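Student: Protein chains in written order, with the working numbering: chain V, 648 to 1122; chain W, 4 to 266.
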Amino acid sequence: MSVAATTPRFKDNVHDALHDQRLQGALPHARNFISRRADAVARLPEFDALRDSARAIKDHTLAHLDLYLEAYERKVAEAGGHVHYARDSAEAIAVILGICKAHDAKVVTKGKSMISEEIGLNAALESEGIAAVETDLGEYVIQLRGEAPSHIIAPAIHVTRDDIEADFRRVHRDLAADRDLSRPEQLLSEARAILRDRFLAADVGLTGANFLVAETGTSIIVTNEGNGDLTQTLPKVHVVLASIEKLTPTLNDVAQILRVLARSATGQDMSVYTTLSTGPRRVGDPDGPEEYHVVLLDNGRSATLGGPFDEMLRCIRCGACMNHCPVYHAVGGHAYGWVYPGPMGAVLTPLLIGVAEGGHLPNASTFCGRCEAVCPMRIPLPNLMRTWREREFERRLTPPLTRAALRLWAFFAKRPALYRLAVEPAMRGLALIGRRRGRFAWLPFGGGWTRGRDFPAPQGATFQSRWRARSGATQ
Amino acid sequence: MSESQAAKTQLRVGLFVTCLVDLFRPSVGFAAVKLLEDAGCKVIVPPQTCCGQPAFNSGDRADAQAIARRNIETFAGCDYVVAPSGSCAGMLVKHYPDLFADEPDMAIKATAFSAKCYELVSFLVDKLGVTSVAASYAGVVAYHDSCSGLRELGVRDQPRKLLASVEGLRLVELDEADVCCGFGGTFAVKYGELSDAIVARKSDKIAATDADTLLAGDLGCLMNMAGKLQRQGRAVKVRHVAEVLAGMTDAPAIGEPVESAAK
Chain V
648 MSVAATTPRF KDNVHDALHD QRLQGALPHA RNFISRRADA VARLPEFDAL
698 RDSARAIKDH TLAHLDLYLE AYERKVAEAG GHVHYARDSA EAIAVILGIC
748 KAHDAKVVTK GKSMISEEIG LNAALESEGI AAVETDLGEY VIQLRGEAPS
798 HIIAPAIHVT RDDIEADFRR VHRDLAADRD LSRPEQLLSE ARAILRDRFL
848 AADVGLTGAN FLVAETGTSI IVTNEGNGDL TQTLPKVHVV LASIEKLTPT
898 LNDVAQILRV LARSATGQDM SVYTTLSTGP RRVGDPDGPE EYHVVLLDNG
948 RSATLGGPFD EMLRCIRCGA CMNHCPVYHA VGGHAYGWVY PGPMGAVLTP
998 LLIGVAEGGH LPNASTFCGR CEAVCPMRIP LPNLMRTWRE REFERRLTPP
1048 LTRAALRLWA FFAKRPALYR LAVEPAMRGL ALIGRRRGRF AWLPFGGGWT
1098 RGRDFPAPQG ATFQSRWRAR SGATQ
Chain W
4 MSESQAAKTQ LRVGLFVTCL VDLFRPSVGF AAVKLLEDAG CKVIVPPQTC
54 CGQPAFNSGD RADAQAIARR NIETFAGCDY VVAPSGSCAG MLVKHYPDLF
104 ADEPDMAIKA TAFSAKCYEL VSFLVDKLGV TSVAASYAGV VAYHDSCSGL
154 RELGVRDQPR KLLASVEGLR LVELDEADVC CGFGGTFAVK YGELSDAIVA
204 RKSDKIAATD ADTLLAGDLG CLMNMAGKLQ RQGRAVKVRH VAEVLAGMTD
254 APAIGEPVES AAK
């Protein structure tokens, strides 16, 4: 683990997020994705059939991942590129630093890459005196702010336009102080002008990959800003940083998954740019890098194959789950405390940093099921979160009080006669106390509920005792 | 058809009353009984506790299995098992078979059991072909789609269809009716602050309608929403949909005092 997680302090993070007025003002933007996705899906009658197809493609790939990795590696080599396997973050960083040093790199431009967040690449580059420049607009903004992405496809969704203007005025000091930055387009063109110089100055360009194609040795990025193309085409060296589950057998398979990706993510039929890279510049090519490297990160993924969480490896990082999550909507992405937020993060984070550290996340779900309902890869996210809860229960990581209460309740729930003896007087007593108001403003051990809500009083005798009385104990 | 033949063909429906209805709101159970009996069913209520969901969702698989085993046994003599809750019915229908994935013999039993389990309103409409109810309710109603019923069992149109037949009732659109209320079982207590933030938004959406009554098909969600509405001093009555469909709205709404006691 390269990036320190605040996930163990999830409840504090939640409290802070709920009381952060600026954040609460920005968060409603995440809901804009909902209707856009719904509209895009409604325009494509075969969307659900495509989801089935996408799932089948990924399941097949993962079942034969060793073969596809070898085939991919061969094709990359044939195209003149280099594949580097990295077991963990440290190995991936070492490979990338090695490439940078071999070219005496001073500036690395970066397309958007969540894997680079996962391994903590920027900090590693900076510590070696290499400037890492994020070129995706959202990533650029949060880099200026010294923050991490709060969403996997909209990294600066927690930031308002006003915040960005203030950040630009703070950082872009050599520009006229009285310049007009009131409109979003003005912010965009200022960022574009500044990044243009960085693109040209970069020694190494690093991108992620949405797909790695075994058939051709191609890496594919899907973007909306064109920054990825400039990142990978202009410098002498292009480094692709991707995790192993990005493998896809053929271009035809990619074409099918692409049909669900942008629709699920932003509600676009296709992202603006879908860029394919195969090896370095060939003789006669007008542009392109002189060297092409692919760093394939495992970081625990191969150990996930064939286990209870392997369906998570189908994830194509569209963000639909968090876009539809009531928990994400309430607190935003930073509260999750590590790289991946939302329902996908709730399953993935314990896999990558351990359930002892990441254990809050799979518990902090109402199991409303909306994430699974919109997941283009049909990942059963609530079920996988529940499996984490089972792991925690088995390993006695469940909080002791919760565990004790659960065992006590289960003891009675398994014994109906005893249960009757226990609940009947309890409910009658509670009903008597609550009769005047009909509800309770406070209950012992119920503070989590009653701090913000009343708790309704019961009606008195239980249904089952009334039923027996009504039917003359004939049943 | 003679009476004895009618008795023979009468469906034996086991009421899975759910622990929350059993303990907190028996009137929902009696409303469910009335709806089922009006539709021609013979209702039986074997001694029972809970579907096991609190254990299942807390990672306590062994206790969930033990409770599931008992329920499968308990309702063995029923043609159908019906629960006035999408969440508990979802547990019986969708998760009981999963619980025994590693025990082939039990998995077969659990799968057969799950095939006869239904959520109340969808059972009336989809299985029994009920198209209307003989009830009246003078009120403007907003309906919240509880998550498990909606997404695990496809309960959406059925309650609206029957509510449309209730005399005097006007159903209004609730924005984000399909968004979670933040209850989530033990989540509501374990992550109380988060749960409260989610239900606060739901409460605002309910208040933004001109409804005087909020209905849903799950008592857990209803208690959560009623608790928030009441803490905020909002005068929306909250009831289980079965109470209105059965025309049994004499009991005070959820969280409201018994009149004689309040005076």
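The beta carbon of each residue, even a glycine, is placed where N, CA and C say it ideally should be.
From a predicted model like this one, the values you see are computed outputs, not experimental measurements.
Please list, in chain order, the chain W residues whose beta carbon lies closer than 7 Å to that of H662 (chain V).
Tutor: Within chain W, the residues near H662 (chain V) are E196.
Student: Leaving out five residues on either side along the sequence, give the residues of the same chain with a beta carbon under 6 Å from the beta carbon of R961 (chain V).
Tutor: Excluding positions up to five away in sequence, the list reads K705, M1024 and I1026.
Student: If the cut is a Cβ gap below 7 Å, which residues of chain V does R159 (chain W) touch?
Tutor: The contacting residues do not exist; R159 (chain W) stays about 12 Å from chain V at best.
Student: May I have the straight-line CA-CA distance separating D221 (chain W) from D957 (chain V), to the nearest angstrom?
Tutor: Their backbone Cα atoms lie some 33 Å apart in a straight line.
Student: So, is the C-beta of G32 (chain W) closer than 7 Å to a C-beta in chain V?
Tutor: Cβ-Cβ to chain V under 7 Å: yes for G32 (chain W).
Student: So does the region 1010 to 1018 of chain V actually touch the region 1055 to 1073 of chain V, counting three or more Cβ pairs closer than 8 Å?
Tutor: Short answer: they don't touch.
Student: How long is the line joining the alpha carbons of V742 (chain V) and S736 (chain V), rounded to whole angstroms?
Tutor: Taking the straight line from one Cα to the other gives about 10 Å.
Student: What's the call for K266 (chain W), buried or exposed, on a 16-neighbour Cβ count within 10 Å?
Tutor: Confidence is the limiting factor: at K266 (chain W) the pLDDT is only 47, short of 50, which leaves the residue's position unreliable, though a coordinate-based value still follows. It is exposed - the Cβ of K266 (chain W) has fewer than 16 other Cβ atoms within 10 Å.
Student: Which residue's Cα is closest to the Cα of K267 (chain W): W:C54, W:T52, W:C53 and W:A35?
Tutor: Outside the displayed span of chain W (4 to 266) sits residue 267 (chain W), for which this structure offers no information.
Student: When you compare each of W:E176, W:D129 and W:L197 to A277 (chain W) by their alpha carbons, which one comes out closest?
Tutor: The first residue shown for chain W is 4 and the last is 266, placing residue 277 (chain W) beyond what the model contains.
Student: Based on the DSSP output, what are the partners of L772 (chain V) in its beta bridges?
Tutor: DSSP lists no partner for L772 (chain V).
Student: Between the region 1068 to 1075 of chain V and the region 1036 to 1052 of chain V, are three or more C-beta pairs nearer than 8 Å?
Tutor: The region 1068 to 1075 of chain V, when compared against the region 1036 to 1052 of chain V, does not touch it at the 8 Å Cβ threshold.
Student: Spell out whether any CB of chain V is found under 7 Å from the CB atom of A137 (chain W).
Tutor: Output row for A137 (chain W): interface = no.
Student: By the 8 Å beta-carbon criterion, what residues does the region 987 to 1011 of chain V contribute toward chain W?
Tutor: Result list: N1010 and A1011.
Student: Under 8 Å by Cβ, that's how I've got S924 (chain V) and Q879 (chain V) pegged, so tell me the actual separation to the nearest angstrom.
Tutor: Sure, about 6 Å apart at Cβ, within 8 Å.
Student: How many angstroms separate the CA atom of E76 (chain W) from the CA atom of A65 (chain W)?
Tutor: Computed Cα separation, rounded: 17 Å.
Student: Figure out for me which residue from V:S797, V:H666 and V:L744 has the closest Cα to the Cα of H676 (chain V).
Tutor: If we check each option's Cα against that of H676 (chain V), V:S797 comes out closest.
Student: Of the residues W:A167, W:G223 and W:K205, which one's Cα is nearest the Cα of Q56 (chain W)?
Tutor: Of the listed residues, the one whose Cα sits closest to Q56 (chain W) is W:G223.
Student: Using C-beta distances below 7 Å, list every residue in its chain close to A1078 (chain V), excluding the 5 sequence neighbours before and after it, in chain order.
Tutor: Excluding positions up to five away in sequence, the list reads A1104, P1105, Q1106 and G1107.
Student: Which value, in whole angstroms, describes the spacing of the CA atoms of G1141 (chain V) and V20 (chain W)?
Tutor: Residue 1141 (chain V) lies beyond the residue range present for chain V, which begins at 648 and ends at 1122; the question has no answer from this structure.
Student: Within 6 Å: the Cβ of T921 (chain V) and any heavy atom of the ligand ATP?
Tutor: Absent from the structure shown: the ligand ATP. Ligands present: none.
Student: With three or more beta-carbon pairs closer than 8 Å as the criterion, would you say the region 785 to 794 of chain V touches the region 982 to 995 of chain V?
Tutor: No: the two stretches stay apart, fewer than three of their Cβ pairs being nearer than 8 Å.
Student: Could you list which residues in chain W have their beta carbon closer than 7 Å to that of R1084 (chain V), in chain order?
Tutor: Ordered by position in chain W, the residues that pass the 7 Å Cβ test against R1084 (chain V) are P260.
Student: Measuring only the C-alpha atoms, how far is D213 (chain W) from V143 (chain W)?
Tutor: Taking the straight line joining both Cα atoms gives about 7 Å.
Student: Just grab the DSSP bridge partners of K45 (chain W) for me.
Tutor: For K45 (chain W), which the question treats as bridged, DSSP gives the partners W:R15.
Student: Just the chain W side, please: which residues come within less than 7 Å of A1057 (chain V) by C-beta, in chain order?
Tutor: In chain order: A58, D63 and D66.
Student: Can you tell me whether Y939 (chain V) is helix, strand or coil according to DSSP?
Tutor: Residue state, collapsed to three classes: strand.
Student: Output, in chain order, the set of chain V residues within a Cβ distance shorter than 7 Å of A254 (chain W).
Tutor: Simply Q1106.
Student: Considering only residues of the same chain and omitting the five flanking positions on each side of S866 (chain V), which have a CB-CB separation below 6 Å?
Tutor: Correct list, in chain order: A856, L859, V887 and S924.
Student: Considering only their Cβ atoms, is the gap separating Y715 (chain V) from L894 (chain V) smaller than 7 Å?
Tutor: Contact: yes.
Student: With a cut-off of 7 Å, does the C-beta of V790 (chain V) fall near any C-beta of chain W?
Tutor: The displayed chain sequence assigns Gln, not Val, to residue 790 (chain V). No, no contact with chain W.
Student: In its own chain, which residues sit with a C-beta less than 8 Å from the C-beta of V261 (chain W), not counting the 5 before and 5 after it?
Tutor: Here the set comprises P255.
Student: Taking 7 Å as the CB-CB limit, is C1015 (chain V) close to chain W?
Tutor: Yes, its Cβ sits closer than 7 Å to a Cβ of chain W.
Student: Mind checking M4 (chain W): buried by the 16 CB within 10 Å criterion, or exposed?
Tutor: Confidence is the limiting factor: at M4 (chain W) the pLDDT is only 47, short of 50, which leaves the residue's position unreliable and the question unanswerable from this model.
Student: Do Y194 (chain W) and A689 (chain V) count as a contact pair if the criterion is CB distance below 7 Å?
Tutor: No, Cβ-Cβ distance for A689 (chain V) and Y194 (chain W) is not below 7 Å.
Student: Does the CB of G852 (chain V) have a neighbour CB from chain W at under 7 Å?
Tutor: Not an interface residue.
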